[in-house]
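In terms of this note's numbering, the sequence shown opens at residue 1 and continues consecutively.
Take a look at the structure below.
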Amino acid sequence: MYKMKRSLYLFISLAILGLTSCSAVKEIQELIDPPPPPTPTASPVTKKEQRTLFPIEQNGKYGFINKMGKIVIPPRFERVQNFSEGLAAVKIAERWGYINEQGEIVIEPEFDSVVRFSQSLAAVKKIGQRWGYINKSGEMVIKPQFEEAVYFSEGLARVTIDGKWGYIDRAGNIVIQPEYRGQTGRGFFVDGLAAVRIGSAYEYGYIDQTGKLIIEAQYDFAGDFINGLARIKIGDRWGYIDKTGREFIRPQFVFNQEFSEGLAAVKIDDKYGYIDVSGNRIIQPQYDFAGNFSEGVAEVRIDDKYGYINASNEMIIEPEFDNAFGFSNGIAEVWVDGKKGYIDKIGRFVWNLSN
C-alpha cells in the first residue's frame, strides 16, 4: 500500500530477476505488460488531484509535510497513503483507518486492507471478511461481499465475484455482470470506456458503462483513454487508438506512455524520446527512461541517474537521483541511496533525504 508506485507484479519480477536498483523497478514494467508507470502524485484516473500534503518517514513512523517542507501531521503512523478527497488512510497497531488533513482520526483503525476514497466511498476489508465499501462517516454502505474491490471511477467500481470481474454502481447494484477474467490492466472507466480482457485468448477490448463492447477485443494490452487516446499493444509493439478504435498512431514503439501535456514518452530501439499527438518526434530518443510531463517538466534517466527536463529538452535539474517522480503542487519525490526526499523545480530539497 505505502509504496504506491510499486505493484505486486513489480515485486515478483524483481525477485525473480534479482534486480535491486530503483531504476530496475521502472524498467521491469516492460516485461510484464503493465499499465503506465504509476507515480506517487498521479491519480490512476484522468485528472490529478492537486496535493497539498505529502507523506514522509522519520524513525520508522510516517506523517505529512506541506509543499514548503513544514511538518503538518507529525510522524506517528505505521504506514500512510496519500490524501484523496480530504482523507488519508493510516495504519495504527496493524489496522487501517482514516485521518483528515488536520491529522484527526475520523474513521477508527479497524480494517486489514483499504483503498483510497473516490466519489465519497472507499473499499475496505476486515480480516476473515470480504471487501465492502464505507462512506466518509465510516458507515458500511455496501456490505462486504466481494473477493476484490477497487475505487469508483465515473460512478462505477470494478469488483470480483466468483473469480470474475464485473462492475457495481455507488448503491452496490451490479450494473455489468461479472464475466471478465485475467484482468491485468486497470479496467477503470475513463471517458466512458473501460479496458477488459475477453474470450479464451484473453485479448483486450473496451466496453461502455452498460457493458456493451465498443471496441473489439484484439489487443495484447490496452490502457485507459486519456484525452481521447489510449495506448495499446499488438504483438511486441505499442501504439495509440482513438475512442472509435481507429489506429491513431500505429504500433511501432518498443514501449510507450500515455499523453500528458501534449507529449508522450516512447521507446524506439533502446532509447526514450517524446512525440506529439500527431506522432511527430519532438524530443529525439536519447534517454534510458522517460516519464510523463507534469507541471511542465518530466523525469528522465541517463545511465542510472534521474534528472528533469522541460518540453524544450533542456535539463533543468541534473541527473543525480536513483529514482524520481512527477511534480505535484511544485514539488517532486526523489530517492538517493534508499532515502526519500522532496525537491522543488530548481532542484532544491524542501525535505531532506530520510529513511
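C-beta: ideal position from N, C-alpha, C; glycine also.
A quick note: this is a predicted structure, and the numbers were derived from the prediction, not measured.
Check residue i in the structure and name its three-state DSSP category.
i           : result
residue 176 : strand
residue 342 : strand
residue 221 : strand
residue 318 : strand
residue 248 : strand
residue 155 : coil
residue 52  : coil
residue 295 : coil
residue 91  : strand
residue 258 : coil
residue 349 : strand
residue 132 : strand
residue 289 : strand
residue 115 : coil
residue 137 : coil
residue 267 : strand
residue 126 : coil
residue 201 : coil
residue 279 : coil
Give me the Cα-Cα distance between residue i and residue j, rounded to the nearest whole angstrom.
i           : j           : result
residue 41  : residue 144 : For residue 41, the predicted structure reports a pLDDT of 32, less than 50, and the residue's modelled location is therefore unreliable. A value from the coordinates is still provided. Each residue's alpha carbon lies about 29 Å from the other.
residue 251 : residue 293 : 22 Å
residue 132 : residue 186 : 19 Å
residue 78  : residue 153 : 28 Å
residue 58  : residue 75  : 6 Å
residue 94  : residue 104 : 18 Å
residue 92  : residue 134 : 19 Å
residue 61  : residue 129 : 28 Å
residue 195 : residue 263 : 22 Å
residue 56  : residue 271 : 33 Å
residue 353 : residue 341 : 4 Å
residue 83  : residue 188 : 20 Å
residue 97  : residue 140 : 13 Å
residue 328 : residue 117 : 19 Å
For the ligand FMN, any of its heavy atoms closer than 6 Å to the Cβ of residue i?
i           : result
residue 235 : Among the ligands in the structure shown, none appear at all, so the ligand FMN cannot be discussed.
With distances taken Cα to Cα, identify the nearest neighbour of residue i among the options.
i           : options            : result
residue 108 : 195, 90, 102, 306  : 90
residue 151 : 115, 193, 238, 233 : 115
residue 235 : 71, 203, 304       : 203
residue 219 : 313, 159, 231      : 231
residue 283 : 270, 310, 303, 269 : 310
residue 312 : 275, 329, 344, 324 : 275
residue 191 : 346, 164, 226, 237 : 226
residue 285 : 303, 325, 266, 279 : 266
residue 289 : 316, 323, 208      : 323
residue 325 : 318, 299, 338      : 299
residue 120 : 221, 345, 65, 156  : 156
residue 209 : 158, 117, 81       : 158
residue 297 : 206, 343, 255      : 343
residue 179 : 172, 171, 160      : 160
residue 241 : 205, 338, 86       : 205
residue 347 : 339, 333, 355      : 333
residue 87  : 224, 53, 281, 273  : 53
residue 197 : 166, 69, 100       : 166
residue 287 : 280, 355, 278, 273 : 273
With a cut-off of 8 Å on the beta carbons, I'd call residue i and residue j a contact; round off their distance for me.
i           : j           : result
residue 335 : residue 321 : 6 Å
residue 361 : residue 214 : For the chain, the structure presents residues 1 to 355; residue 361 sits outside this window and is missing.
residue 176 : residue 228 : Not a contact, Cβ separation roughly 23 Å.
residue 307 : residue 318 : 5 Å
residue 255 : residue 238 : 6 Å
residue 199 : residue 217 : 6 Å
residue 111 : residue 126 : 6 Å
So what does residue i bridge to, in DSSP terms?
i           : result
residue 62  : 57, 77
residue 160 : 148, 165
residue 237 : 234
residue 378 : No statement about residue 378 is possible, as the shown extent of the chain runs from 1 to 355 and does not include it.
residue 206 : 195, 215
residue 242 : 229
residue 333 : 342
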